[in-house]
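Asks:
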Amino acid sequence: MRDTVRKESPLIRLRLDASGAATPGDSILVAQERPFLGHLNIRGGRGDARFAATIARVLGMALPIAPNTVVCDRDRVAYWLGPDEWLLVTPAGGDTVIADSLREALRDAFSAVTEVGSGQTVIVLQGRYVRELLSKECPLDLLSPSFGPSACAQTRLAKASVLLRPLEADGMELIVRRSFAEYVWAWLSDAGAEYGFRAGT
Amino acid sequence: MTSGHRLAEGGRIDRLKPLAFTFNGRRYGGFAGDTLASALLASGVTLVARSWKYHRPRGVVGAGVEEPNAIVQLESGAFSVPNARATEVSLYEGLTARSVNCWPGPEIDFMALVQLFSGLMPAGFYYKTFMWPRRLWKKYEHYIRKASGLGEAPAVADASTYDKMNAYCDVLVAGAGPAGLAAALAAGRSGARVIVADEQAEFGGSLLSLGSAPLPRIGGRAAGHWLDAALRELRAMPNVRMLPRSTVFGYHDANYLTIAERRHDHLPLGERAGCRERIWRVRARRVVLATGAIERPLVFGNNDRPGIMLASAASTYVNRYGVRLASRAVVFTNNDSAYGSALDLYHAGIEVAAIVDSRRSPGGEVVQKVRDASIEIIGGSVVVDTRGRRHLSAVRVVQMDGERLTGRPRHIECGLLAMSGGWSPVVHLHAQSGARPRFDVARACFVPGEAIQGERSAGACNGTFDLESCMGEGAAAGAQAAALSGFVARATKPPAVEASAPKAQPLQPLWLVPSPRGVSRGPRQFVDFQNDVSASDIALAAREGYRSIEHVKRYTALGFGTDQGKLGNINGMAILARELGQEISATGTTTFRPNYTPVTFGAIAGRDVGELFEPVRTTALHAWHEERGAVFENVGQWKRPRYFPRDGESMHEAVRRECLAARNGVAIMDASTLGKIDIQGPDAATFLDLVYTNAWRKLAAGRCRYGIMLDENGMVMDDGVTTRLAENRYLMTTTTGGAARVLAWMERWLQTEWPNLKVYNTSVTDHYATAAIVGPRSREVLSAVCSDIDLSAAAFPFMSCRQGAVAGAAARVMRISFSGELAYEVNVPANEARHVWDALLAAGAANGITPYGTEAMHVLRAEKGYIIVGQDTDGSVTPADLGMEWLVSKDKDFIGRRSLLRPDTARDDRKQLVGLLSEDPSVVIPEGSQLVDDASASASAPVPMLGHVTSSYESPALGRSIALALVKAGRRRTGEMLLAPLRDGRRIRARIVSPVFLDPEGTRQNA
Amino acid sequence: MNRYSIFTLARNALGGHRGWQAAWRSPEPKRRYDVVIVGGGGHGLATAYYLAREHGITNVAVLEKGWIGGGNTGRNTTIVRSNYLWDEATHLYEKSLKLWEGLSQELNYNVMFSQRGVLNLGHTLQDMRDIERRVNANRLNGVDGEVLTTVQVKAMVPIINDSAHARYPILGASLQRRGGTARHDAVAWGFARGADSRGVDIIQNCEVTGIRRDGGRVTGVDTSRGFIEADRVGVVAAGHCGVLASMAGIRLPIESHPLQALVSEPIKPVLDTVVMSNAVHGYISQADKGDLVIGAGIDAYVGYGQRGSFSTIEGTLAAIVELFPTFSRVRMNRQWAGIVDVSPDACPIIGLTPVKGLYFNCGWGTGGFKATPGSGWVFAHTIARGVPHELNASFSLERFATGRLIDEHGAAAVAH
Amino acid sequence: MLMIACPWCGPREQTEFAYGGEAHIARPADPDAVDDAQWADYLFMRTNPKGCHREQWNHAFGCRRWFNVERDTLSYRITSVYKPGERPAEPAA
Ligand SMILES: Cc1cc2nc3c(=O)[nH]c(=O)nc-3n(C[C@H](O)[C@H](O)[C@H](O)COP(=O)(O)OP(=O)(O)OC[C@H]3O[C@@H](n4cnc5c(N)ncnc54)[C@H](O)[C@@H]3O)c2cc1C
Ligand SMILES: NC(=O)c1ccc[n+]([C@@H]2O[C@H](COP(=O)([O-])OP(=O)(O)OC[C@H]3O[C@@H](n4cnc5c(N)ncnc54)[C@H](O)[C@@H]3O)[C@@H](O)[C@H]2O)c1
Ligand SMILES: Cc1cc2nc3c(=O)[nH]c(=O)nc-3n(C[C@H](O)[C@H](O)[C@H](O)COP(=O)(O)O)c2cc1C
Ligand SMILES: [Zn+2]
């Protein structure tokens, strides 16, 4: 029954699917939406050593302990959001199962597992000038090499909060809230015009 | 050797690239590399402006940002730039400019008539006049305003776009003269991240203005070659960012500096693409200030005529722009540097009639060179006055003995007077950083004081005036800055400089040239050219008790102009010090503030205008609303449908239809914008008990409850329904506008006051979309798309929650009602919202399901007497004021409770929420109306007011108007008749009733 | 005292303006005064003036740590209006406005009070409800006020962005025609001159460093120029009132914040009205000299630095360009900040303290310039009589304990 | 423009944070045990010093944690950053 439910991503109104593929290059900066991934907000671990172990057992991967880092495991990425807060991004549909098993395993622990997948979306930017583009209204030192793969940061992009994760080869992943997604996209395309901003699929 | 006013050769202009431009309607020619000022001078145009107050003829005085006079309006329409400084404007093909503040033009300016009355217009004259008769002040002021201002704001919107950039660097170098370049090279070679910015089009600073005569050699080669090589080297370094045409305009706390980069304005209008300006916000570990020095004018009689300029500016026009400024010149100085200028003029073929030097017996190498060129040196003398109508024609030279003028005056004819009163280091950024410049008596200038932030000054801005030392300081500062940022700077010896400024004889401070008839009676001796402040104005201010330099600034307008007193301030301070018999250090400076030079509003606004002014937040159903022609309302950052007009309907008709559908059939609303917070943890109930006024522990899982929360002052701050999803899990809803505030508020209490409470809050506002299905037919409609929830009243009672599939989507359905009808709120993941919404509309089609907006929602809730926080409350309303004592627990503490017990807050005659029915049911009392009683209705002001109308509508269900109001002791007055006096003179009579107009028993919602 | 008029000006012109006396003396402090006023801003000087004029108390010193008018009086955006929401505030500010209307003549000093009208724009439906409520209340209180439509706003301010497609379109405005601006420095100087001519000593560069008390009574103040005895001390030190309160051992419900302002380069007249917007957060007027005077936001943190954050300036100029697109190419010349004393209900505290003879007048926050004459008038009364005037009776310190706040935040109007 | 070292995320720019006012104002454990004046003291009275100030900040655009900052209100210089429940580091002698 569930399969028949039609989904719409936060950026549906932009009709990105119609925009065709573009390859990033010197004068092209490509942005894509990665819709419908599973997003789980995980809270816990305050003074509870078992929490980490339980998570690691259930997920088969550890949560990042160092602030502003990620742990990637195959197709899942865990982001540090706070000293007792993480985001787990899974392939589409994967979140429900994981959420259920986490809740079950953490039954007795002070914790919270919350589905937030419809509340945010992923935008991937690719191209040589991605960091320069974001630097326009992100106050982080994005041109510093220390912000590389395995790092992540919750920060500000213009007037929206974003979660940033550097990808290999000039890529950057942005996780934005659904209701801010169009604003962020509009900002990116406006500020990115000089770098040949294009929507990709 | 020359053709007209342009030298045949030399300078950095490109004679192969002629450019045409228009000034005051006349066409002229210049070359690539010119500024507007140099092109005008090379075209023989010297009268370029009229002064602000007296409309005196004015010419170009400087060659850079210090220029006070040559203010022009550039271009027109969307490209118009008010108050551009001709000395900063790069010439381009087709440039159009005109003088400002004169009519019809600077040559003939009718406003110059005010000069006749200038005796009546000393500093602060307007404080003494225009007071009688009182009512005429408006007229006087009208003319004062007309006379004020320089350029004009464009009349049309700006077509340009602006950009901003955040940048981090190890070393920021402000200024790319020899000191700055040496610093950038030293820091850049260490591998440090370097940004070097200079306000000019070309890097090089004063090196760009060197003449051919005493040409220094740097590192064994001609200065120009060294410069080219240095720039090549810098360009090749990937760690160095060079920003020409970029002014460091602000030095803020924590080594945060702001830079305005101008990317466009040097290009012909047709070639301008991309953003016009870019603001750089730089976090620098260390800063090297290498901003140079500005030459000081001398203060003597009629020192403001066109043809009188700074000696260094004269050099620049001759050397850098190849301008033949005049055929005959006089130089007036108190120091050596103007001797170099004299030589520059001389080598350019300009006759230098004399150097007037206030020092009795100038000597030394450079003086000798001048003598060798057979230029007369008149020592121990000063220029006391000048002649000329629209241009300088002669100067009057008198011998000076101490402060006394002696001997016979001598007139020397000349078309150019190049003056130098010494140099003022550009300590502006240093001072902005919080440091205090100190007065250096030996060098007779303010120099940087002790650093407060991570900065160091090098070169002329540090009071160092010879090239070799400037470069040495620059290199040292650059290397030190890199080292302090953790880089290893190889100790490279700064390049040796040969034949730079020959050993100097000390300057003789000369702040005010004695006036033959005394300062107050003699010809005006201008201190601040732009604001027409003269030495006598400063003396007057001091005499009248305005003794602080800050008072003098404000009384006379000294330094208030677009140049911020870059030329005049120092002389003004010294003149004041003399008037008060103080040291200059005791007088001090006025406060240096950003901006170093003016910055375009649009650039500082950046992209945050128009569509991007503020994020537009929309729900997952926004596209549908648009398709259905919704009229939207801004609620915080959200766009919410206000109503859905059908063809030709007015708002009134649409809202009426929507309301009736909800009351009689079924209606549907997008309620997704409500804040939703998932609250989990063993202490969740305890926590809710603290943030809400009512009790939460006993609420059963699967049940919902309305709550209000107070601020600690006891006033209502938000409300909403919270559902207990499970033993340790609640879903809280908040108002649309309050969502972020409430979450932040709860987090703050948890993290700082009650860290031991085991509670986690997660915002799920964006994750869930919410459809409210409202009306007697809502059960029917919902059951058509939801088979796994028993929707019967018994199985699914009012104020409870069920999980199930709605149109196949996993949903939480709450049976809650903001309308008083049988109603359900369906929460589904927002990605599936449209699917579910479409299904609900399809299922309701047969029942005429009607989408409705916030306006109908407001009417429906008002009929039930439900409040809107922020509309029916205003931050001064308690639960009791709203008649909600029943929601206030007596058995527990909660935020704001203690405040409710204070005598004023506990009063029972406070403003209370009541219902109002106008006597004439067809009259809707305007929201915001004030209410008075019969007795005071005809009283004269102040009329005692009892309260005001917070919400007011025509109620389709009741067939009449209704209103809610906050009224003093309102509940006790139930039944009384009040009056709402309207501004149009009408008085609406209305009776106080219960705020619940419809179905007080709640039978409809419990159906 | 020289009288100021066009005739005396003409007469003095003949003498090269050498005949003018000092507008105020610069005396050495005496050992004792009947009343010491701490703070030589507009409010302190006005207090001294009215003490002398209305109550005949002339053995008064105004102690100023720097130069008079150098605090917020000299760094504000000079908006004057009286259309506040709550009765108490309205009456106080209206008293002030009435004094403004004759101030130049009364002081014989042109303070350039210019009633060019103040517009408060509404951008949301709730803004408009609030405007209706406030204007209705004003009129019943005898204060002029009108509600304008968007079209009327546009007619008054042709350069304003009246697009219905703006992010926050202008839905209307309130207008107080009697509101306007005044020349801030002149207000301080005019009151100083008036007070001085009645015998008040204005002592600059005299910082109060301690408040001495004998048990529950105040006995005088320690200053950078020695101890000065007085059994009545009125503190009117705006941003520094918290510092002075702690000298007297009392605490105030006040926080001091940086509030910034900026001016453009002078341009020819284009904006004849004061325009304030709450939702888009900017307020602007054009000074007689031609510069656009723009108030920037308040920084959230406590700050005594007379400087704020650049981000605040960015937000303000975005709002200004959004409201006035033709100002995009105008340039910002200078920015600065003052230290504003913000109270929890955005209303002042004027009255007695637990220490006998010690009076405080503070908490004017972002909006006290307009109150200068009125504030001085009621404070003089309070000090002279030892009890508040009925106009400031509600503005007591006790209200924070009883809960009787006068919550001007509720007015949803910026308090300038 | 401050640069604030979030105890978790490290130095971040001021615009990522929200200010929370004076720190270490404890809510009366039993609000009923205090009189109106004491309650007003807790609610409204602030030390508002010119100089060293301990205050709360929230890393609003980052990890959303509240923490304490010791800052000079005149120079705006930050002298210490510490987590809730902790005391500021003693200034180095
Ligand atoms: C940017 C800005 C814009 C504003 N805009 C407006 C506006 O448009 N309209 C409006 O009505 N209001 C406005 N205000 C508010 C208004 O400026 C103030 O409320 C008002 O000027 C306060 O006047 P005052 O005389 O009380 O304070 P101030 O003028 O600040 O005077 C207090 C004086 O006390 C002195 N002092 C402090 N400590 C001591 C001590 N220990 N010893 C001796 N002297 C001391 C100070 O040096 C200062 O001179 C604005 C304020 C600012 C900063
Ligand atoms: N003979 C004398 O008495 C005398 C006096 C002064 C200077 N000089 C000579 O001038 C030279 C000084 O060299 P220097 O490098 O110190 O200064 P400089 O004047 O050569 O260079 C300073 C540069 O900084 C730029 N600048 C200033 N403020 C800026 C800002 N806020 N943002 C961006 N750019 C800014 C200027 O436009 C200029 O290009 C030396 O050669 C020295 O001998 C001689
Ligand atoms: C209403 C008003 C108008 C002002 N206009 C100007 C102006 O035209 N030019 C200028 O340089 N400064 C102007 N200023 C700012 C002052 O120069 C100064 O910055 C301000 O009084 C604060 O003092 P400070 O910068 O010395 O601390 C103005 C200030 C005010 C309050
Ligand atoms: Zn953080």
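Going line by line, the protein sequences match chains L, G, D and C. Sequential numbering from 405 applies to the first sequence in the working numbering. Sequential numbering from 327 applies to the second sequence in the working numbering. Sequential numbering from 48 applies to the third sequence in the working numbering. Sequential numbering from 65 applies to the fourth sequence in the working numbering. All residues carry an ideal CB built from backbone N, CA and C; glycine is no exception.
#1: Kindly indicate the opening and closing residues of the beta strand (DSSP E) around S750(G).
#2: Does the separation of the CB atoms of L510(L) and W490(L) fall below 8 Å?
#3: Would a C-beta distance cut-off of 8 Å place C771(G) and S750(G) closer than the cut-off?
#4: Any residue with its Cβ nearer than 5 Å to a heavy atom of ligand 4 should be included. What is that list in chain order?
#5: Determine the contact status of T1199(G) and T1231(G), defining contact as a CB-CB distance below 8 Å.
#6: Verify the contact flag: E876(G), CB atom, against every heavy atom of ligand 3, threshold strictly below 7 Å.
#7: From this set, N49(D), S311(D) and G192(D), which residue's C-alpha is nearest G164(D)'s C-alpha?
#8: Select from the stretch 330-346 of chain D all residues with a C-beta closer than 7 Å to any C-beta belonging to chain G, and list them in chain order.
#9: Would you identify the three-state DSSP class for E572(L), choosing helix, strand or coil?
#10: Would E101(D) be called buried (16 or more neighbouring beta carbons within 10 Å of its own) or exposed?
#11: Ligand 2 and G531(G): does the residue's C-beta get closer than 7 Å to at least one heavy atom of that ligand?
#12: Are any of the Cβ atoms in chain D nearer than 8 Å to that of A87(C)?
#13: Counting only beta-carbon atoms, is Y140(D) nearer than 8 Å to chain G?
#14: Please name the residue in R1050(G), N1039(G), K1002(G) and I1003(G) whose C-alpha comes closest to that of K1350(G).
#15: Under three-state DSSP, which class holds D996(G)?
#16: Compare the C-beta of Q558(L) with all C-beta atoms of chain G and state if any pair is closer than 8 Å.
#17: Got a sec: is the Cβ-Cβ distance from W591(L) to anything in chain G below 8 Å?
#18: Among the residues of its own chain, which have a CB less than 6 Å from the CB of D1325(G), if the five just before and after it don't count?
#19: Determine, using beta-carbon pairs with one atom in the stretch 167-181 of chain D and one in the stretch 332-348 of chain D, whether at least three such pairs fall under 8 Å.
#20: Could you check what DSSP says for S1143(G) in three-state terms: helix, strand or coil?
#21: Could you tell me which residues DSSP puts in a beta bridge with D269(D)?
#22: Rounded to whole angstroms, what's the CA-CA distance from D248(D) to K77(D)? Just pull it up for me.
#23: Regarding G121(D) and ligand 3, is the C-beta to nearest heavy atom distance less than 7 Å?
#24: Is L415(L) near W589(L), with beta carbons less than 8 Å apart?
#25: Who are the near neighbours of A153(C) in its chain, counting only those whose CB is closer than 8 Å to its CB and skipping five residues on each side?
#26: For R406(L), which residues in the same chain have their Cβ closer than 7 Å to its Cβ, ignoring the five residues on either side in sequence?
#27: Please give the ranges of any alpha helix (DSSP H) in the stretch 493-537 of chain G, keeping only runs that are unbroken, at least 4 residues long and fully inside the region.
#28: Between the Cα of G420(G) and the Cα atoms of L462(G), E1253(G) and A365(G), which residue gives the shortest distance?
#29: Is there a Cβ from chain D that is less than 8 Å from the Cβ of E119(C)?
#30: Could you check whether the Cβ of T363(D) sits closer than 7 Å to any heavy atom belonging to ligand 3?
#31: At a CB-CB cut-off below 7 Å, which residues of chain L make contact with Q694(G)?
Replies: Reading off the structure:
#1: Locating residue 750(G) in the second sequence gives position 424, counting from the first residue. Boundaries of the beta strand (DSSP E) harbouring S750(G): W749 to P751, taken from the DSSP string.
#2: Translated into the one-based positions of the first sequence, residue 510(L) becomes position 106. Translated into the one-based positions of the first sequence, residue 490(L) becomes position 86. Against a cut-off of 8 Å, the Cβ pair of W490(L) and L510(L) comes out as no contact.
#3: If you number the second sequence from 1, residue 771(G) lands on position 445. If you number the second sequence from 1, residue 750(G) lands on position 424. A contact, by the Cβ cut-off of 8 Å.
#4: C70(C), W72(C), C73(C), H123(C), G126(C) and C127(C)
#5: For the purposes of this step, residue 1199(G) is taken as the residue at position 873 of the second sequence. For the purposes of this step, residue 1231(G) is taken as the residue at position 905 of the second sequence. Result no, Cβ atoms of T1199(G) and T1231(G) do not sit closer than 8 Å.
#6: Position 550 of the second sequence, counting from 1, holds the residue named residue 876(G). For ligand 3, at least one heavy atom lies less than 7 Å from the Cβ of E876(G).
#7: Reading the third sequence from its first residue, position 117 is the one you call residue 164(D). Of the candidates N49(D), S311(D) and G192(D), the one whose C-alpha sits nearest the C-alpha of G164(D) is G192(D).
#8: Residues passing the 7 Å Cβ filter: D335, K336 and G337.
#9: In the first sequence, counting from the first residue as 1, residue 572(L) sits at position 168. DSSP places E572(L) in coil when its eight states are reduced to three.
#10: Sequence index remark: in the third sequence, residue 101(D) carries index 54 (1-based). Classification of E101(D): exposed, given that the 10 Å Cβ count is below 16.
#11: For the purposes of this step, residue 531(G) is taken as residue 205 along the second sequence, with counting starting at 1. Flag set: Cβ of G531(G) near ligand 2.
#12: The sequence position of residue 87(C) within the fourth sequence is 23, counting from 1. Closer than 8 Å: no.
#13: Residue mapping note: residue 140(D) aligns to position 93 of the third sequence, counting from 1. False, the Cβ-Cβ gap to chain G never drops below 8 Å.
#14: Given that chain G is displayed from residue 327 to residue 1333, the structure contains no residue 1350(G) and the question cannot be resolved.
#15: Along the second sequence, read from residue 1 onward, the residue named residue 996(G) stands at position 670. DSSP places D996(G) in strand when its eight states are reduced to three.
#16: Numbered from its first residue, the first sequence carries residue 558(L) at position 154. Chain G contact via Cβ: absent.
#17: Here residue 591(L) refers to the residue found at position 187 of the first sequence. Judged by the 8 Å Cβ criterion, W591(L) is in contact with chain G.
#18: Within the second sequence, numbered from 1, the residue matching residue 1325(G) stands at position 999. Excluding sequence neighbours, D1325(G) sits near G1146.
#19: no
#20: What you label residue 1143(G) is simply residue 817 of the second sequence in a count that begins at 1. Here S1143(G) sits in coil by DSSP.
#21: Working through the third sequence from its first residue, we reach residue 269(D) at position 222. G257(D) and F274(D).
#22: Position 201 of the third sequence, counted from the start, is the residue given in the question as residue 248(D). Position 30 of the third sequence, counted from the start, is the residue given in the question as residue 77(D). Using only the alpha carbons, I get a separation of about 9 Å.
#23: Within the third sequence, the letter at position 74 stands for residue 121(D). Yes; taking the cut-off as 7 Å, the Cβ of G121(D) has a heavy atom of ligand 3 nearer than that.
#24: Counting from one through the first sequence, the residue named residue 415(L) turns up at place 11. Counting from one through the first sequence, the residue named residue 589(L) turns up at place 185. Yes. Within cutoff.
#25: The count along the fourth sequence starts at 1 and reaches residue 153(C) at position 89. Within the same chain, Cβ atoms closer than 8 Å to the Cβ of A153(C) are found at S144 and Y146, the five residues on either side in sequence being excluded.
#26: Numbered from 1 along the first sequence, position 2 holds the residue referred to as residue 406(L). Residue placement at R406(L) is poorly supported in this model, since its pLDDT is 45, which falls under 50; the coordinates still yield a value, given next. For R406(L), same chain residues with a beta-carbon under 7 Å away, outside a window of 5 residues either side, do not exist.
#27: 504-515
#28: Your numbering for residue 420(G) matches position 94 in the second sequence. When only C-alpha atoms are compared, the closest one is A365(G).
#29: The sequence position of residue 119(C) within the fourth sequence is 55, counting from 1. It does; some Cβ of chain D falls within 8 Å.
#30: To locate residue 363(D), count along the third sequence from 1; it is residue 316. Incorrect: T363(D) has no Cβ contact closer than 7 Å to ligand 3.
#31: To locate residue 694(G), count along the second sequence from 1; it is residue 368. Here the premise fails: no neighbours, minimum Cβ distance about 54 Å.
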